[in-house]
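Asks: Residue numbers (the working numbering), protein chains in the order written: chain A, 1 to 203; chain F, 1001 to 1475.
Ideal placement from N, C-alpha and C gives every residue a C-beta, glycine not left out.
Remember, it's a predicted structure, so these values are computed and weren't measured experimentally.
Quick one: structure below, then a few questions.
And the structure:
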């Protein structure tokens, strides 16, 4: 029984040490044994508790999209105006006691993972980069596909952009910051059948 | 960890006394180890705390699944926005576990979602707690790992705790299991349980399903890779749990002597180890959240709380946010208060009184976050996590109150309670979950509103180590 107690105590302490090293900043131990810590932690014990730290996000990022619709009769393609997907989310969250993950997390985290898996020229870093591009297209098609094709035609291509607007300093602060929005415009992406999620159509 | 918890009657002093007889010339460290050993083998610690977190996490996940019911296909369905094909490619890389990739069928998805809800409800009620904790974990991992870019900090807490709960004996009180144990007259008068057709049936069916999945070579059931621990695959882990449940039933019925004592003590050891891990995990959450904040200039200049109130995704009640953010002094007090509480909490667990004051502050803060930042499920999960540090006296008092309220509302339930002690029946446990969430509000004052925790930051990256940049609101 003492052996079992010792074994369980060691297992618990090793686990705790791994969790600690995973959430701690890069340090002497993780620089030498980071691989072992990662092997232990991923995939099931991943965690991030830097809640609003070291600083809270101080900008609103709006993800906007527009599309090019090819009419069924072979006429020339027509371009839609920009739709602010984030604003639509915002409207859904407004005065909502129980926002859905579809409204609060889906687009927000899709954009985060896009930014995290692409370089400054919007080129994907490997498989994850390509997957997040497809994820964004499916989100857009799921939300706007029907509207875009309401008057016939199919969605041929779509273009995303983000508009980053800083949150101004509090009124009591003398701080001055630029409130000019920053645009990031992605290339036009062709739309295929793989980009149409359940409940959407591209007809 | 010793500040609260443990039923006094569980802590027998026999072993301690035995040890003292021959440790006259032992060093203090040997005596400490001896005392520690006596304590961790004396019985499962913190029965009320583990019960309340069981109810809390199961209820949070159940409410979440109910809330997302209309959106379930979009979030987790085979042709949702993150399609099953995409999920397979990611899971193939990171080795995370999900039964949803076993089939493309709509029926399979609906079945898994339904089972996730049912197992949450039954775990909350404490019906076949051991089995349900495993099914609950499978449900949580399967849904979350399948659509990894959807979660936030709340999902992350539930993900971890669903695994830890499997190893705790969290159904000793406030559960249907406990009620059944009280009511069933011991067959042999020595604690030997009677026939248990339901249990045997449940166990056999689950074993059959696991065997079938294994034979079909389905994803995620490796023996020595991609599991909960290095060199332990989910196949090995799940079979191990299945065998352990079977062995526990068998020794209780047929070998009530020493084998039963041995298994019982092993289970207590696992429970106490997992409880320690859960408590440290909660401390790690606050320590990380607090210590990284100290380094940020917005937390230093006292304006940090102003900013989340102006983020589109986290201001469902702009009027309320504007009101709170209108006073520089209030914003600074909340900003500093948040950091102080988070940094201090891990050290206060050794002082019962200070810990309880901070606990009330944190629970109130989470309840404000639920409304103010529109993060009800994250907040509920964090309140459930906090609850592991609530004092036993308070929990027993709460249980009695909940039972009393239930009796007033459901006159028919009175008979059940009288036989059920602190709070026996199903409805008591169900309402206990709600009361759990509200407990902070009932408990005391201390207005420390909002601030952070609203981990928009959170949510796992991609369960892969190169998830880089996945968590923005972080920086």
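(1) Of the residues F:1335, F:1340 and F:1370, which one's Cα is nearest the Cα of residue 56 (chain A)?
(2) What residue does the beta strand (DSSP E) around residue 164 (chain A) start on, and which one ends it?
(3) Kindly indicate if chain A contains any beta-carbon less than 8 Å away from that of residue 1096 (chain F).
(4) Specify the secondary structure class of residue 189 (chain A) as computed by DSSP and reduced to three states.
(5) Is there a Cβ from chain A that is less than 8 Å from the Cβ of residue 1138 (chain F)?
(6) Looking at the C-beta of residue 188 (chain A), does it have a partner C-beta in chain F at a distance below 8 Å?
(7) With distances taken from CA atoms, which of F:1124, F:1152 and F:1221 is nearest residue 1178 (chain F)?
(8) Is the region 139-151 of chain A close to the region 62-77 of chain A, with three or more CB pairs under 8 Å?
(9) Could you tell me whether the Cβ of residue 85 (chain A) comes closer than 8 Å to any Cβ of chain F?
(10) Give me whichever residues DSSP pairs with residue 27 (chain A) in a beta bridge.
(11) Find the residues of chain F that neighbour residue 134 (chain A), judging by a C-beta separation of less than 7 Å, and give them in chain order.
(12) Should residue 1255 (chain F) and residue 1053 (chain F) be called a contact, given that it needs their Cβ atoms to be closer than 8 Å?
(13) Rounding to the nearest angstrom, what Cα-Cα distance links residue 1407 (chain F) and residue 1390 (chain F) in this structure?
(14) Using only CA atoms, which one of F:1154, F:1093 and F:1302 lies nearest to residue 105 (chain A)?
(15) Tell me which residues share the same chain as residue 1082 (chain F) and place their Cβ nearer than 7 Å to its Cβ, disregarding the 5 neighbours each side in the sequence.
(16) Taking only beta-carbon atoms, is residue 1156 (chain F) less than 8 Å away from chain A?
(17) For residue 172 (chain A), go through chain F and note every residue whose CB falls closer than 8 Å to its CB, in chain order.
(18) Compare the C-beta of residue 177 (chain A) with all C-beta atoms of chain F and state if any pair is closer than 8 Å.
(19) Whole angstroms are fine: how far does the CA of residue 1057 (chain F) sit from the CA of residue 1239 (chain F)?
(20) If we define contact as Cβ-Cβ less than 8 Å, is residue 159 (chain A) a contact residue for chain F?
(21) Would you tell me roughly how many angstroms separate the C-alpha atoms of residue 1068 (chain F) and residue 1049 (chain F), rounded to the nearest one?
(22) Starting from residue 1297 (chain F), find everything on chain A with Cβ-Cβ shorter than 9 Å and list it in chain order.
(23) May I ask you to report which of helix, strand or coil DSSP gives residue 69 (chain A)?
(24) For residue 117 (chain A), collect the residues of the same chain with a Cβ closer than 7 Å to its Cβ; drop the 5 residues on either side in sequence, then sort them by chain order.
(25) Mind checking residue 1388 (chain F): buried by the 16 CB within 10 Å criterion, or exposed?
(26) Any C-beta of chain F within less than 8 Å: which residues of the region 82-115 of chain A qualify?
(27) By a C-beta neighbour count over all protein chains shown, 10 Å radius and 16 as the cutoff for buried, is residue 180 (chain A) buried or exposed?
(28) Quick check on DSSP: helix, strand or coil for residue 182 (chain A)?
(29) Closer than 8 Å by beta-carbon distance: list the chain A residues that pair up with residue 1304 (chain F), in chain order.
Replies: Short version:
(1) Of F:1335, F:1340 and F:1370, the residue nearest in Cα terms is F:1335.
(2) 154-166 is the span of the beta strand (DSSP E), which, as asked, contains residue 164 (chain A).
(3) yes
(4) strand
(5) Chain A contact via Cβ: absent.
(6) no
(7) F:1124
(8) yes
(9) no
(10) Answer is none; residue 27 (chain A) lacks a bridge partner.
(11) Near residue 134 (chain A) (Cβ distances below 7 Å), the residues of chain F are 1086.
(12) no
(13) 25 Å
(14) F:1154
(15) 1147 and 1149
(16) yes
(17) 1328
(18) no
(19) 25 Å
(20) It does not; no Cβ of chain F falls within 8 Å.
(21) Approximately 28 Å between the Cα atoms of the pair.
(22) Here the neighbours are 54 and 55.
(23) strand
(24) 124, 125, 128, 129 and 132
(25) Per the 10 Å Cβ criterion, buried.
(26) Taking 8 Å as the Cβ-Cβ cut-off, the region 82-115 of chain A approaches chain F at 86, 87, 89, 90, 93, 94, 95, 96, 97, 98, 99, 100, 101, 102, 104, 105, 106, 108, 109, 110, 112, 113 and 115, given in chain order.
(27) exposed
(28) strand
(29) 52, 55 and 56
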